[in-house]
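Protein chains in written order, with the numbering used here: chain A, 1 to 359; chain B, 360 to 832. All C-beta atoms, glycine included, are put in the ideal place defined by N, C-alpha and C. Quantities reported herein were computed from a predicted structural model and do not represent experimental measurements. Remarks on the structure that follows.
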């Protein structure tokens, strides 16, 4: 009896020693590796956690605005159509507000706009109003959409428990924070040798992210048409997922008491005709979208046919002067629905004011 | 729910926590329910097919055992095999045959309308139908008694660690384990199970997923890349498929070991093989031995004339290739392996079954030669069509580094690093004690290895889990 107690305690002690040595080895490797990355981190560019460099720029900009205590009078969301077509200064002039911000992202279909607006924009800019520019492309669930996948895969915007866990991990562990760089050792070695933490891109104020359109000609125009037909509008179908993302976002904005207007973005007749079933399909989408938005109690401005075809050099985006004129028109329409009351303004930090954001 | 996902980690933690508190019968029922939940998580509608295959295999085996005459036994065996082949053929090959027939009629100048049903491929179908066929054959050969308990048999068919991508178990091996009460694994056995799971995750998440984009790039658009980027891409795929599949098998073995059930080892360091025959003794062992037992031997094996033996080898590998999927690329891949095996047999290179001897320095040229041949044949396996594969080979001879080479230097470094990792893991594995991997190392060194695995998983995780390649087969 006594012998077995002794031998059991010997076994227990041996196991404890084994476990201690095992943990020492494990922790030594993990802590050394993490320490090395933490030290090297100072020579690297800031972490890029967003799916797209433009999203990163907008977030940097929004962070500066948030730090300065700026609340948006209104934000413009949507895809590159709104990013290029919505000129904040023109709207500010019409509405008499100081803080209108264009946070639209290229390729941001409705399933992307929802988390982007509700999780990234609203908590930072606390907008009183939202102008959501939509077009049929934003609802096309009939084609594979890599932007949604990329958005949901990026660390900063990855949804669910895994996303939260990864963000928590990255904020505490350099190995996880710098995993993208660590996966490319040659580039990492180059970055470390070059020393200075050169940013991968110079952050620009929001509305300067996407320059106004230049005229597209010949080969490029053909390519744009082919891309539109064979990719963006291919198998066009406004699927329930996309429609639900749209209506549920509108409902959530209402619940947050954020006044919202849906704007049917202007498109040329060529764009409408490029739908697999032509203009009729576009019109069906337009009617469906307007009805869906109105069912949520959201006002709709239908500006789809306000611009002549010549203002769309690539079938989708407005030229610079056309964007300016269209934004003025949008401002007038917004004023028409009672959006022109003056609101108190706060000082904006340099480089993020609406003046610089006007593009 | 895939092995490299958080959902599976939570699922398995719950299964493990409940499992060892249950009596033996309860354990089997619980594992059966867990397996159906695991499978239904993919698509609950496909559970019906699994249940149908299970029931048909169960009852036909009873009939084989009870049949009064040899002829009747044989009839029931054919019925059992036919049901599985029809299920497999319809779900996996229907489109392939219709498509091929249509092409032939097109070549003959006939423009017949093509009506192809869009048939869904039920995940794991190739694995569980092969379980069912081996069960019927073993019952017929009186190697096993038919299982009397339907729940136990249903568990044999659906046991979740093996359900989606094997290893393909045999009734004579797995059924007794399920039938008899299981012992709780010892500390050492449990530890080795955890090591297998971690090792499998490293193979999949770090090694396979790291080189996957390089392979995808090379095979996606080989034109203008040149020899070095394309060869790097081909080696990347060789490493990817090994890391992916052996990683899956390791996780399957590890999880199973924690449940007190030992399953087949599926790989024995195949890239250390000195010839193609040895490669097939060490690669996807559960499939190659299945093909040997249930196809090669019934065809006559090597107990016939030399020519017929070569034909048997060729046919076995051809059908083994077709097992991977309904595509001519798999058929050509299998056929070329069959030719290589026949040539090796004709030239007197015979490899005994079982664990091969450790590689020696003088084996290096033969190992490199075999790896080169196997990698070249992977090009057929990975390409979307035969034309794509030939285009890939053609691209190698256009230039050393083409104008569309991309970041080939970085890719080369990544692939070289992963090749080195595979060699290191396989050499360590080669020296293992059966149930005590790495046990000869000091505990601190074992901890350091675990630390290295944690570091690698931290760096290479953080993205949505990618499915295992063999799920599509």
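Rounded to the nearest angstrom, the Cβ distance from residue 53 (chain A) to residue 108 (chain A) is 14 Å, too far for a contact under 8 Å. Within the region 4–76 of chain A, the complete alpha helix (DSSP H) segments of 4 residues or longer fall at 53–67, listed in chain order.
Residues 250, 260, 262 of the same chain have their beta carbon placed closer than 6 Å to that of residue 298 (chain A), with the five preceding and five following residues left out of the count. Contacts with chain B at 8 Å (Cβ-Cβ) do not include residue 49 (chain A).
Residue pairing by DSSP places residue 101 (chain A) opposite A:75 in a beta bridge. Using a CB distance cut-off of 8 Å, residue 119 (chain A) does not count as an interface residue toward chain B.
According to the DSSP secondary-structure assignment, residue 238 (chain A) is paired through a beta bridge with A:140.
In this structure, residue 622 (chain B) places its C-beta atom within 8 Å of the C-beta atom of residue 615 (chain B). In the displayed model, residue 264 (chain A) falls within a strand according to three-state DSSP. Taking a cut-off of 8 Å on C-beta distances, the region 547–558 of chain B does not touch the region 514–532 of chain B, as fewer than three cross pairs fall below it. When DSSP reads this structure, residue 301 (chain A) sits in a beta bridge with A:263. For residue 41 (chain A), the closest Cβ of chain B is not nearer than 8 Å. Setting aside the 5 residues that flank it on each side, residue 360 (chain B) is surrounded in the same chain by 366, 367, 370, 397, 400, 401, each with a C-beta closer than 8 Å to its C-beta; the list follows chain order. No Cβ-Cβ contact shorter than 8 Å links residue 480 (chain B) with residue 816 (chain B). Look at residue 24 (chain A): its C-beta is under 8 Å from a C-beta on chain B. The Cβ of residue 803 (chain B) sits closer than 8 Å to at least one Cβ of chain A. Taking all protein chains in view, the Cβ of residue 63 (chain A) is surrounded by fewer than 16 other Cβ atoms within 10 Å, so the residue is classified as exposed.
Boundaries of the beta strand (DSSP E) harbouring residue 129 (chain A): 129–134, taken from the DSSP string. DSSP places residue 488 (chain B) inside the alpha helix (DSSP H), whose first and last residues are 484–499. One alpha carbon belongs to residue 787 (chain B), the other to residue 604 (chain B), and they sit about 18 Å apart.
With 16 or more neighbouring CB atoms inside 10 Å of its own CB, residue 391 (chain B) falls in the buried class.
It is roughly 20 Å from the alpha-carbon of residue 29 (chain A) to the alpha-carbon of residue 799 (chain B).
Of all residues in the region 141–158 of chain A, those with a C-beta nearer than 7 Å to a C-beta of chain B are 153, 155, reading in chain order.
Around residue 16 (chain A), no beta-carbon contact reaches into chain B at under 9 Å, the shortest distance being about 11 Å.
Cβ contact annotation for residue 239 (chain A) (same chain, cutoff 6 Å, sequence separation greater than five): 141, in chain order. Those residues of the region 762–774 of chain B placed with their C-beta closer than 9 Å to a C-beta in chain A are 766, 768, 769, 772, 773, ordered along the chain. In this structure, DSSP gives residue 410 (chain B) a helical state, which the three-state scheme calls helix. With respect to the C-alpha of residue 27 (chain A), the residue from B:822, B:812, B:820, B:767 having the closest C-alpha is B:812. The beta carbon of residue 394 (chain B) is closer than 8 Å to those of 514, 517, 518, 519, 522 in its chain, skipping five residues each way along the sequence. At a cut-off of 8 Å between C-beta atoms, residue 283 (chain A) does not count as an interface residue with respect to chain B. In chain order, 769, 772, 773, 776 make up the part of chain B whose C-beta sits under 9 Å from the C-beta of residue 185 (chain A). Interface residue (Cβ-Cβ distance to chain B less than 8 Å): residue 13 (chain A) is not classified as such. Neighbours of residue 822 (chain B) in chain A, taken as residues at a C-beta separation under 7 Å, are given in chain order as 153. The shortest C-alpha to C-alpha distance from residue 751 (chain B) to any of B:698, B:508, B:766, B:738 is the one to B:738.
Each residue's CA atom was taken as its position, placing residue 330 (chain A) and residue 71 (chain A) some 21 Å apart.
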